[in-house]
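Each number in this note's numbering corresponds to the 1-based position in the sequence shown with 23 added. I have placed the structure first, in the form of structure tokens, so that the comments after it can refer back to it.
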Amino acid sequence: MLPTNSYLQFTPDLKICRILNGMWQVSGGHGRIDPKAAIQTMFKYIDAGFTTWDLADHYGPAEDLIGEFRRQVIATRGQAALANIQAFTKWVPRPGKMTKKIVEDSIDISLRRMDVESLDLMQFHWWEYQDKNYLDALKYMAELQTEGKIKHLALTNFDTENLQIIVEAGIKIVSNQVQFSLVDRRPEVNMIQFCQQHDIKLLTYGTVCGGLLSEKYLGKPEPRGLSLTTVSLKKYKNMVDAWGGWLLLQELLSTLKSIADKHKVSIPNVAVRYILDKPAVGGVIVGARLGISEHLADNAKVFNFNLDAEDLKKIDAVSEKSRDLYELIGDCGDEYRR
Ligand SMILES: NC(=O)c1ccc[n+]([C@@H]2O[C@H](COP(=O)([O-])OP(=O)(O)OC[C@H]3O[C@@H](n4cnc5c(N)ncnc54)[C@H](OP(=O)(O)O)[C@@H]3O)[C@@H](O)[C@H]2O)c1
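This is the structure:
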């Protein structure tokens, strides 16, 4: 089990684990997932205290796995055991005119697949800011929230400007899910401050860069092509290249290793702890290749140590040598809109 500081009262009704289990990794491109083994492994996660899942309508079978997992939890442990599990999905529609029916039909599909009466959190993504239909979509989602189909509204990959438009339209947003790591520190430019002012939490992904921020890559030659074995590694290797390249990553890794050794933890532990301690950050999502690989015992150590001022100084000194990704790419989520 995890210590109490591993959990956050995210909303009045939802207490979440501050390391969320990311289910993009079951969607293909990260190794073949066996559904039975995946569900067995999901029990291991909740028994270890990792009770919160991040998924999406388009993450292959992720919503169905949650549905089947919930049924198996009821069958083996009783209905009450479900109270300790949170499942946060997303809706990623094609831009265009939004009607109540379009929105409700999509929400109903997620409800059915996940086998829930109400979605804990609906994290909405939108591809095209010029198309302001996103405000209609959110307005209808707010109606569905009042009707009980959604508990809380959230966003993913929205930039600060459009987040502000949504907040000013009177829509209550509890979180925005963005890329945030020691490589990609763009949320520090504008997003964090806005979120703090409006009581919005950040849920972060890419925080261990698909595994690049781990001992596995320390002192290793630059991986290319087929040696980047998951789409996640490919995604964050591109980010590392834009940020400063393999040599600078090695400098970051050896700095993180010296800090990790000092605290008797791992490189990913330091990378996650650093982001968890940033203002507005509610939780860090760590991708889970269910039934293929697992880092539960290691990731649990994140909650047993603290970084000191000297650690932060060393890390920030490496960050200062990198390129400015905000200038290069733009605000949070802009990489999806170029
Ligand atoms: N909203 C969005 O647009 C968006 C985009 C991307 C991701 N996400 C969410 O964020 C989740 C995280 O995905 P991500 O792609 O960003 O991946 P990630 O969390 O940066 O990387 C996950 C990988 O890191 C490795 N890892 C994790 N803990 C480790 C440890 N303690 N020691 C060594 N290696 C460790 C594992 O690699 P191995 O399996 O190889 O051991 C794991 O598969 C996704 O599942 C999804 O829920 C959202």
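C-beta: ideal position from N, C-alpha, C; glycine also.
Inset, instruction - Please confirm whether T122 and Q146 have their CB atoms less than 8 Å apart. - result: no
Legend entry - Secondary structure of I261, DSSP reduced to three states: It is Asn, not Ile, that sits at residue 261 in the sequence shown. Helix at N261.
Legend entry - Within 8 Å, strictly: CB atoms of A294 and L205: yes
Legend entry - Closest by C-alpha distance to H221, when choosing among L186, S345, P244, Y228: L186
Inset, instruction - With a 10 Å radius around its C-beta and 16 neighbouring C-beta atoms as the bar for buried, classify T230 as buried or exposed. - result: buried
Legend entry - Start-to-end residues for the alpha helix (DSSP H) that takes in S281: 269 to 286
Legend entry - Reduced DSSP secondary structure (H/G/I, E/B, other) of G8: Given a span of 24 to 361 for the chain in the structure shown, any question on residue 8 remains unanswerable.
Inset, instruction - Go to I173, then tell me how far its beta strand (DSSP E) extends in each direction, as first and last residue. - result: 173 to 179
Inset, instruction - Could you check if S316 is buried or exposed, using at least 16 other CB atoms within 10 Å of its CB as the buried criterion? - result: exposed
Inset, instruction - Would you kindly work out how many angstroms separate the C-alpha atoms of P26 and D154, rounded to a whole number? - result: 45 Å
Legend entry - Contact under 8 Å by Cβ, L78 with F33: no
Legend entry - Buried versus exposed call for S198 [16 or more other C-beta atoms within 10 Å across all chains shown]: buried
Inset, instruction - Flag this pair as touching only if the segment 56 to 65 and the segment 302 to 316 have three or more C-beta atom pairs under 8 Å; answer yes or no. - result: yes
Inset, instruction - Could you name each continuous beta strand (DSSP E) segment of 3 residues or more that falls completely within the segment 64 to 149, going from the start of the chain to the end? - result: 75 to 77, 109 to 114, 142 to 147
Legend entry - Same chain, Cβ closer than 6 Å to N44, five either side skipped, listed in chain order: Y68, F73, W76, A311
Inset, instruction - Would you mind reading off the limits of the alpha helix (DSSP H) that contains V341? - result: 332 to 342
Legend entry - Three-state secondary structure (DSSP) of S237: coil
Legend entry - Element boundaries [beta strand (DSSP E), containing Y30]: 30 to 34
Legend entry - Bridge partners - C40, DSSP secondary structure assignment: Y30
Legend entry - Beta-carbon proximity check, L241 vs L276, cutoff 8 Å: yes
Inset, instruction - Please find out if some non-hydrogen atom of ligand 1 comes closer than 7 Å to the beta-carbon of R312. - result: yes
Inset, instruction - Could you round the C-beta distance between A177 and I196 to whole angstroms and report it? I think they count as a contact, below 8 Å. - result: 6 Å
Inset, instruction - Measure the C-alpha to C-alpha separation of L105 and R93 and round it to an integer number of angstroms. - result: 7 Å
Legend entry - Exposure label - R208; buried when at least 16 CB within 10 Å: buried
Inset, instruction - Mind checking who T252 pairs with in its DSSP beta bridge? - result: In the DSSP output, where bridge partners are listed per residue, T252 has none listed.
Inset, instruction - Express the C-alpha separation of P291 and G234 in angstroms, rounding to a whole number. - result: 8 Å
Legend entry - Reduced DSSP secondary structure (H/G/I, E/B, other) of Y152: coil
Legend entry - Local conformation of K243 per DSSP, three classes: coil
Legend entry - Cβ neighbour criterion (16 or more within 10 Å) applied to M24: exposed
Inset, instruction - To the nearest angstrom, report how far apart L319 and K120 are at their CA atoms. - result: 43 Å
Legend entry - Where the alpha helix (DSSP H) containing Q202 begins and where it ends: Counting along the chain, Q202 falls outside any alpha helix (DSSP H), though it belongs to the beta strand (DSSP E) covering 198 to 202.
Inset, instruction - State the Cα-Cα distance for the pair R360 and L31, rounded to the nearest angstrom. - result: 32 Å
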